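Per the working numbering, residue 176 is the first one in the sequence shown, and the count goes up by one each step.
Backbone N, C-alpha and C define an ideal beta-carbon position, used for all residues, glycine too.
Predicted, not measured: the structure shown is a model, and the values here were computed from it.
The structure under discussion appears below in the form of structure tokens.
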Amino acid sequence: MLWSLVIAVVLRTFAVAEWAGPSPGQPALLALATFTVAGLLVVAAVRLGAVHRGRRAALARVRTTLRERTLRTAFLPQRDPDAAGRPRPRAPGPEIAAA
């Protein structure tokens with residue numbers, strides 16, 4: 176919003192300078208235009224960098240969330256079913272053997 180106001184003021188200044196014709200202040204106006212364009216390019220680069228960092232942070236947040244969810248999981252996979260304290264698996268019933 177602020178930048179649109181700045182751009183409008185600069186454009187009005189250029190219009191008035193063009194209407195007034197060539198004058199001794201033209202190099203100063205050219206310097207003002209140069210600094211304005213350079214400033215707008217810097218602002219665009221900073222905003223683009225912020226957007227890029229935001230995407231990277233979002234991807235890191237997803238990875239962190241998945242890692243935390245894995246740590247909170249209430250069960251562990253049975254890597255060793257014969258470990259001490261584990262119940263033995265039940266034998267299959269007769270209906271499975273008939274199939």
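Supposed contact pair residue j and residue i - C-beta distance, whole angstroms, cut 8 Å
| i | j | result |
| --- | --- | --- |
| V185 | T211 | 5 Å |
| P256 | P264 | 7 Å |
Neighbourhood of residue i by C-beta distance below 8 Å, restricted to the same chain and skipping five residues each side
| i | result |
| --- | --- |
| P188 | The residue you asked about is not Pro; residue 188 is Thr in the sequence shown. Taken in chain order, the residues that qualify are L204, L207. |
| R244 | none |
Cβ shell of residue i (< 6 Å), same chain only, five flanking positions each side left out
| i | result |
| --- | --- |
| P202 | none |
| V217 | none |
| L180 | none |
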